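Here is the structure we will look at, set down as structure tokens.
Number of protein chains: 2
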Amino acid sequence: MSYYVVKEMPPKILAKGVEMRVISGDKMTMVFFRLEPGAQIPEHSHPHEQMGTVLKGSIELIIDKDKRVVNEGNAYHVRSNVIHSGTCLGSISEVLEVFSPPREDYIQKA
Amino acid sequence: MSYYVVKEMPPKILAKGVEMRVISGDKMTMVFFRLEPGAQIPEHSHPHEQMGTVLKGSIELIIDKDKRVVNEGNAYHVRSNVIHSGTCLGSISEVLEVFSPPREDYIQKA
């Protein structure tokens, strides 16, 4: 499939307050996240390289001990195996992230 | 570098009416495009897999002979070596695209 109407894709639940809509490719996975205020992704790392941008709202990230607020329109980069975590700030936020290689765990998640 | 304020990144010019701001990784390249109304990316293909989403405005794409209008918030996927082209529709549009493997040609472009 080449085209996706994102709002019509059924969401998966990654964690409390964290919905995701996943587009899977051969070399990468694109994920549209919808985050409730206060939703948290705890500290973790993975071999996949990760890039992201905030589509709406704002999040606080800690990437390799460097804590920043990322507002709408801005971007970030998490290299392979770097420890990172995130928290959704005051309003419902939307975040797009891309991973390479593909996140097999996200694709298979019910 | 882990964090990017996209508007403060100096744009590169890809074609008439097409600005891009490029974030380079080890396995992928993320590009923020700003397109003037009517700006065109002619038919082409590349071995890199490509995924994209419209951040603002709308574009018309032809992916493997399938022509669609992609509006803000929606997404598309161009597999390796698939022929595609695009046109920016009525207003200035912003598009985010990601490529894997990295687009060495975009990284080096002056």
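From first to last, the protein sequence lines are chains A and X.
Position 92 of the first sequence, counting from 1, maps to 92 under the numbering used here, and the rest follow consecutively.
Start counting at 1 in the second sequence, then tack on 110, and there's your number in the numbering used here.
Just so you know, even glycine gets a beta-carbon here, dropped at the ideal spot from N, CA and C.
On a predicted model such as this, the values are computed, not experimentally measured, just so you know.
Asked	Found
One or two residues paired with Ala185/X in a DSSP bridge	Tyr4/A and Thr163/X
8 Å Cβ shell around Thr74/A - same chain, five flanking residues per side excluded	In the sequence on display, residue 74/A carries Asn and not Thr. Here the set comprises Thr53 and Val54.
His77/A versus Val18/A - alpha carbon distance	20 Å
Where Val5/A falls, given that 16 or more other Cβ within 10 Å makes a residue buried	exposed
Assigned secondary structure, Ile217/X (DSSP; H/G/I helix, E/B strand, else coil)	helix
Proximity winner among Val208/X, Met130/X and Met140/X, relative to Glu146/X (alpha-carbon distances)	Met130/X
Test: Leu89/A CB closer than 8 Å to a CB of chain X	no
Exposure of Glu214/X, with buried meaning 16 or more beta-carbon neighbours within 10 Å	exposed
Chain A contact for Met130/X (CB, 8 Å cutoff)	no
Neighbouring residues, chain A, relative to Ile173/X (Cβ below 8 Å)	Ser2 and Tyr3
Interface flag, Ile202/X vs chain A, CB-CB below 8 Å	no
Where Leu96/A meets chain X, residues with beta-carbon distance less than 8 Å	Thr163 and Leu206
When Asp64/A, Ile59/A, Met30/A and Ser45/A are compared against Glu97/A, the one with the closest alpha-carbon	Met30/A
Beta-carbon neighbours of Asp26/A, restricted to chain X and to distances below 9 Å	Glu159, Arg189, Ser190 and Ser210
Under 8 Å between C-beta atoms of Met161/X and Gly86/A	no
Val18/A - DSSP class collapsed to helix/strand/coil	strand
Proximity winner among Met138/X, Phe143/X, Ala149/X and Ile173/X, relative to Ser155/X (alpha-carbon distances)	Ile173/X
Coil, strand or helix - Val192/X by DSSP	coil
CA nearest to the CA of Ala149/X, picked from Glu204/X, Met111/X and Pro121/X	Glu204/X
Check whether Glu72/A and Ser91/A have beta carbons under 8 Å apart	no
Local conformation of Leu145/X per DSSP, three classes	strand
Residue range of the unbroken beta strand (DSSP E) whose run includes His156/X	Unbroken run through His156/X: none, as it is neither H nor E.
Supposed contact pair Glu159/X and Arg189/X - C-beta distance, whole angstroms, cut 8 Å	6 Å
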